[in-house]
Amino acid sequence: MKGLIMSLDQEVDIDPSGKFKYVLIKLYFEDNTSKLLVRGYAWGEYHDDIYQRTLELAMKSGLDTECLGGGRISHDPEKKEIFVYGYSVGYGRADHTETVKLIQKKFPSYKVEWSNEGY
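This is the structure in structure tokens:
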């Protein structure tokens, strides 16, 4: 499958361009700490497809996860713009403010905006 998630190390792993679904995931570690992950890929027909791939990797590492919601991302690398919006029917709306904080860390030169509008 194209675009497989290769690692749990990166907080943000999204497709390099286009419009696609994303999920916000909380990854729990054995020492009772956690971190948030943003995963977004065009290959994910459903938000659950993306979440299940991350869950598989976490389980192989002996870790637990929780899907905190989803939405969509529009990524335009030429304009250096990312727009986070919408929601997941199955998981509800992710906290886009948390998603944007993580994306801005990975793409500091980008304009990153969000809206709860749209699907």
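Per our numbering: the sequence shown = residues 14 to 132. C-beta: ideal position from N, C-alpha, C; glycine also.
- In terms of Cβ geometry, arginine 85 and lysine 32 form a close pair [threshold 8 Å].
- The alpha carbon of alanine 55 has as its nearest neighbour, out of Ser30, Asp77, Gly83, the alpha carbon of Ser30.
- Straight through space, the alpha carbons of glycine 131 and arginine 52 are spaced by roughly 19 Å.
- A direct Cα-to-Cα measurement between tyrosine 104 and isoleucine 63 gives close to 12 Å.
- By the 16-neighbour rule on beta-carbons within 10 angstroms, valine 36 is buried.
- Comparing C-alpha distances from proline 121 to each of Trp127, Lys93, Ser47, Leu21 shows the shortest one belongs to Lys93.
- Between tyrosine 41 and threonine 78 the beta-carbon gap is near 7 Å, inside 8 Å, which marks them as a contact.
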